[in-house]
Amino acid sequence: MSKAPGKTDPAPLPASEPGTAPAKRYTLADIASRAGVHVTTVSLALRDHPSIPPATRAAIRAVAKELDYQRDPLLDAFNFHRSRMTQRSRTLNSAFVVHAGATRFFGGNHYQPLVYAGAKAVAEARGHSLEIFVVGRDHLSPARLNSILNARGVSGVLLSTFEIDIGELALDWNQFCAVKIECLHLTPNLDAVSNDQLQVASLAMRNLRKLGYRRIGLATAREDQMRLGESFGMGVLLEQASMPEAECVPPLFFSLAEVPTLSRRISEWMKEERVDVIISNWNELLDIFATDGIRLPDDVAFASLDVPPGLPHLAGVVQNHRLVGQRAMEQLAIMTDAYQRGVPEAQTITYIPGYWKAGSTAPGSSHRPATRER
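Take a look at the structure:
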């Protein structure tokens, strides 16, 4: 008979070695039988599920190693797809935890709403609910928060914005998957996602020098420095290391308690250090400039280290707060799916870079008067 057109003969199967049989492929059922437990217990133990006691997990892993058990990638893919379909039919609960002292960031500040919006968008897309919890004075204690999260079946926790006077949040971390958003000072050392403030400060310095500015001064709060791992200051120092000493301006670090007298301190610092342009994450300085009659950019230029959406004329660096929230929630969802609870042995931090935005508050040194009074 003639072959049908377009068909190819199947490749012959490789011949088995005479006298040999294919190696036995052990299954979860084999491990369960050897360990004397149910197959479901084996499945959970090999995924390090916290519902299985640590001793049982260790014993089951030992049996799996003894049998040289190998996971089936095709079966894993099928099971993952099936679990995702099951999860879509129910809601997984996650918590967005903030400190009472930092709730101001939900008000006039654009930072926290954007972070939360990014996290919430990812949570909803993955079948998670995301509820805000506030801890601290006149709000929840850590113990009460722990009880509520357990009662509501919350398995994932995002920690966002804790003041520096809160050095630790005492929850039973073995019960939760958790990711920190910035607040790098807070213990324990959970995995974290943060804007890259070191890159933000360096980027601002480089762009301002390209615009002709030479005496660039950083003004920021000590509390921000501590909360963000000293990153703004380190970014400035990194750039100053390759600058002439005569062009290096000492930063102005102020405490939150000093804000009422900040106007005077800013003015004195500008004059003493002959500042050409101020860089700061404190956009509130714009109000001080307006009150004191300081003209931008004629008297001093200004570049924000955190340009908000509502001030399009402002020069500076835009931090991608929404993306920070998205990445944090994506990481938390992955950890939740994999039952990665507790404090990691080694902390990882994901940094999100910012980008430069030109603006009229720092148009370039050539736009300023040739002479002016300091």
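Numbering-wise (our numbering), the sequence shown opens with residue -12 and increments by one. By construction, the Cβ of each residue, glycine as well, lies at the ideal position given by its N, Cα and C atoms.
| Asked | Found |
| --- | --- |
| Going by alpha carbons, who is nearest to Ala288 out of Met257, Ile39, Leu310 and Gly312? | Met257 |
| Rounded to whole angstroms, what's the CA-CA distance from Gly114 to Ser38? Just pull it up for me. | 22 Å |
| Return helix, strand or coil for Leu292, following the three-state DSSP convention. | coil |
| Runs of 4 residues minimum, wholly inside the stretch 138 to 222: which ones carry the alpha helix (DSSP H) assignment? | 184 to 197 and 209 to 214 |
| With DSSP as the reference, label His308 as helix, strand or coil. | helix |
| Mind checking which residues open and close the alpha helix (DSSP H) that includes Val260? | As written in the sequence, residue 260 is Glu, which differs from the Val given in the question. Start and end: Leu249 to Glu260. |
| Return the chain-ordered list of same chain residues with a C-beta closer than 6 Å to the C-beta of Lys11, the five sequence neighbours on each side being excluded. | none |
| May I ask you to list the residues that DSSP assigns as paired with Glu271? | None, per the DSSP bridge assignment. |
| Would you kindly report the start and end of the unbroken beta strand (DSSP E) that includes Ala108? | Taken as a continuous stretch (DSSP letters only), Ala108 belongs to no beta strand (DSSP E), being part of the alpha helix (DSSP H) at Tyr98 to Ala112. |
| What number of angstroms, rounded off, separates the C-alpha of Lys344 from the C-alpha of Ala302? | 6 Å |
| By Cβ distance, which residues of its chain are closer than 8 Å to Asp152, with the 5 residues on each side in sequence left out? | Gly88 |
| Taking the beta strand (DSSP E) that Ser116 belongs to, which residues open and close that run? | His115 to Val122 |
| Please name the residue or residues paired with Ser352 in a DSSP beta bridge. | Ser352 is not bridged to any residue. |
| Quick one: using the 10 Å Cβ neighbour count with 16 as the cut-off for buried, is Val50 buried or exposed? | buried |
| What residues in its chain sit with their C-beta under 7 Å from that of Arg124, if we drop five residues either side in the sequence? | Ala87 |
| Out of Val166, Ser30, Leu190 and His126, point me to the one whose CA is closest to Gly222's CA. | Leu190 |
| In this structure, does DSSP put Ser81 in helix, strand or coil? | strand |
| Which value, in whole angstroms, describes the spacing of the CA atoms of Thr174 and Asp17? | 42 Å |
| Who pairs with His126 in a beta bridge, going by DSSP? | None; His126 has no bridge partner. |
| Relative to the alpha-carbon of Phe241, which residue among Arg252, Pro231 and Ala233 has its alpha-carbon at the smallest distance? | Arg252 |
| So is Asn364 buried or exposed if we call it buried at 16+ other beta carbons inside 10 Å? | Not covered by the structure: residue 364. The range shown for the chain is -12 to 361. |
| Since Lys52 is in the beta strand (DSSP E), which residue starts that stretch and which ends it? | Not the beta strand (DSSP E): Lys52 falls in the alpha helix (DSSP H), residues Pro41 to Glu53. |
| If you drop the 5 nearest sequence neighbours on each side, which residues of the same chain put their C-beta closer than 7 Å to that of Tyr56? | Tyr13 and Ile18 |
| Which one of Arg282, Ala106, Pro284 and Glu332 has the shortest CA to CA distance from Ile168? | Ala106 |
| I'd like to check one pair, Val305 with Leu292: are the Cβ atoms closer than 7 Å? | no |
| Put Thr14 into one of helix, strand or coil per three-state DSSP. | coil |
| Can you tell me where the alpha helix (DSSP H) with Thr27 in it begins and where it stops? | Val26 to Leu33 |
| Under the three-state reduction of DSSP, which class applies to Val287: helix, strand or coil? | coil |
| In chain order, what residues of the same chain lie with their CB nearer than 6 Å to the CB of Gly341, ignoring the 5 residues before and after it? | Val187, Val304, Val305 and Gln306 |
| Taking 7 Å as the threshold (C-beta atoms), are Val166 and Leu145 in contact? | yes |
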